[in-house]
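A short worksheet on the structure shown next.
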Amino acid sequence: MPTDLGYNKQHQTSQKYQKKKTGFLYNTTAFLALTIILALLAAYFVLPSRLTTKVATTSTPATIMDVDIPNQPKDGKTWKEVNKEHYDNLPEDTFKIKWIAEMHRQIIDYLTTNRVWIGVPEGASAADGTGIRLLDYACGSGRISTALAPYAKHLRGIDISSTMVKRYNEAAVEAGFTPERMRAVEADLATGTDSSLAKAAEGDEFQGFDVALISMALHHVEHPVAVLQGMASRLVPGGKLLVIDLHMADGETEDVPTGHGHSHEHLHEHGHDHSHGHSHGHGHDHGHDHGHDHDHSHNPDHSNAKAPGGLHTTCCAFFGEAGLVHGEIRVNTEVSQVPPQIGGGNLRLFFGVAEKPSV
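Numbering (UniProt numbering), first residue to last: 1 to 359.
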């Protein structure tokens with residue numbers, strides 16, 4: 001009897017232990033299941049938004065002075081309307097931000113040092129009447145125009161932003177230029193767009209340019225080939241079209257054909273990247289002053305430059321589609337420090353030049 005009592009007591013204890021163990025395992029399993037469910041919910045709802053934010057940071061416009069351009073057009077607006085609204089409201093001191101001012105310096109230094117390559121003849125001088133006719137498309141407040149003014153007798157700016165046009169014309173007056181010498185209008189040269197926007201840039205003063213350039217703006221454009229076609233239509237035969245923009249960060253490089261005479265088919269092997277509607281916060285403004293006095297004989301050879309993938313890899317293809325020839329891309333050796341929070345890093349400027357056929 002005592003043995004049976006001992007056995008029963010031991011058995012009851014064992015049963016209680018098993019129940020506790022079972023309860024513990026049940027609770028642990030339930031906890032783990034709940035944790036997994038919460039993790040899956042987080043992955044479904046939270047992670048995509050974080051990834052989207054990361055992608056948007058690298059491809060959407062910069063946050064400059066707390067002004068954003070959305071990653072996608074909204075409220076039924078076109079890309080052009082979104083960009084116009086942004087630049088119409090761009091704070092005047094935006095271009096005084098240190099990294100933007102430094103990038104502008106790089107652009108001006110490169111253009112003045114390599115101006116023969118971009119289409120400014122050796123010895124060209126506005127002072128003696130041998131200067132070029134220059135079209136500055138997406139001209140901003142005219143920093144490039146004023147920087148190249150010593151070599152240009154006739155300067156015209158075009159921008160879709162009325163604010164940028166106003167600042168361009170104010171800069172011309174401040175530099176001591178008459179409207180006959182330097183002025184801008186609000187217009188759009190993209191082929192296939194509202195013709196009324198092109199009419200503002202009609203007449204002989206907006207034709208026959210030796211050089212037409214677009215700086216830090218082609219990446220804003222929904223249809224880059226249409227813009228280049230419109231610009232090319234204003235060039236004289238043999239005139240040069242110049243594109244300035246950013247390429248991707250160091251370390252992501254590939255060989256890019258940079259010599260003259262690339263065929264359209266060969267250039268297409270590098271693919272197209274028609275991404276648009278984003279900004280690096282530079283606006284359409286370039287440079288910091290004018291009248292740089294560089295050694296005019298410099299014309300460095302960048303034909304073996306390595307350049308990362310992006311807009312620059314499709315630029316020559318765009319040139320070909322726009323009816324231009326002899327497309328060439330050069331990459332600046334200086335690094336531009338773009339804040340990482342706006343999708344930047346250590347970036348470099350690229351300069352693309354093509355020619356309007358002589359016949």
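Heads up, the beta-carbon is just placed ideally off N, CA and C, and yes, glycines get one too.
Model, not experiment: these values are computed from the prediction.
List the residues that DSSP assigns as beta-bridge partners of residue i.
i: A337; result: According to the sequence provided, residue 337 is Gln. The question's Ala does not apply to it. DSSP, once it has assigned bridges, lists N346 as partnering Q337.
i: S215; result: I244
i: R183; result: R156
Excluding the 5 residues preceding and the 5 following residue i in the sequence, name in chain order all residues of the same chain whose CB lies nearer than 8 Å to its CB.
i: A127; result: P150
i: G129; result: K153
i: I144; result: I107, I108, L111, D136, L213, S215, H286, G287
i: A175; result: T146, A149, M182, H290
i: A198; result: A187, D188, L189, G230
i: G323; result: Q229, A232, K356, P357
Under the rule that 16 or more other beta-carbon atoms within 10 Å means buried, what is residue i, buried or exposed?
i: Q106; result: buried
i: D204; result: exposed
i: E170; result: exposed
i: P179; result: exposed
i: E355; result: buried
i: K240; result: buried
i: S336; result: buried
i: Q229; result: buried
i: T333; result: exposed
i: V225; result: buried
i: V211; result: buried
i: A124; result: buried
i: S162; result: exposed
i: E102; result: exposed
i: V173; result: exposed
i: H262; result: Low local confidence applies: a pLDDT of 30 at H262 is under 50, so the model's placement there is unreliable, with the coordinate-based value given in what follows. When all chains shown are included, H262 counts as buried.
i: V359; result: exposed
i: G238; result: exposed
Who are the near neighbours of residue i in its chain, counting only those whose CB is closer than 7 Å to its CB and skipping five residues on each side?
i: P339; result: W99
i: A190; result: H223, A226, V227, G230
i: F318; result: P224, V225, L228
i: L235; result: F209, A212, L241, K356
Which of the three DSSP states, helix, strand or coil, is assigned to residue i?
i: L235; result: strand
i: G327; result: strand
i: I97; result: coil
i: L111; result: helix
i: D128; result: coil
i: E222; result: coil
i: L134; result: strand
i: G352; result: strand
i: L228; result: helix
i: H102; result: The sequence as given places Glu at residue 102; His does not occur at that position. DSSP places E102 in helix when its eight states are reduced to three.
i: V116; result: helix
i: residue 374; result: An answer regarding residue 374 cannot be provided, because it is not within the stretch 1 to 359 covered by the chain.
i: A249; result: Summary for A249: the model assigns pLDDT 49, below 50, so the residue's position carries little reliability; its value from the coordinates is reported in the next sentence. Of the three classes helix, strand and coil, the one that applies to A249 here is coil, per DSSP.
Between which two residues does the alpha helix (DSSP H) containing residue i stretch?
i: Y168; result: 162–174
i: G208; result: Premise fails: G208 is in no alpha helix (DSSP H) and is neither H nor E.
i: L148; result: 143–148
i: T313; result: 311–321
Given residue i, which residues of its chain have a CB within under 6 Å of its CB, disregarding the five upstream and five downstream residues?
i: P357; result: V325
i: V120; result: I132, Y151
i: A201; result: I158, V185, A187
i: W242; result: Per the sequence shown, residue 242 should be read as Leu rather than Trp. Around L242: I118, L213, V353.
i: E321; result: V225
i: L218; result: P224, V243, D245
i: Y168; result: C139, S141, G142, G157, A184
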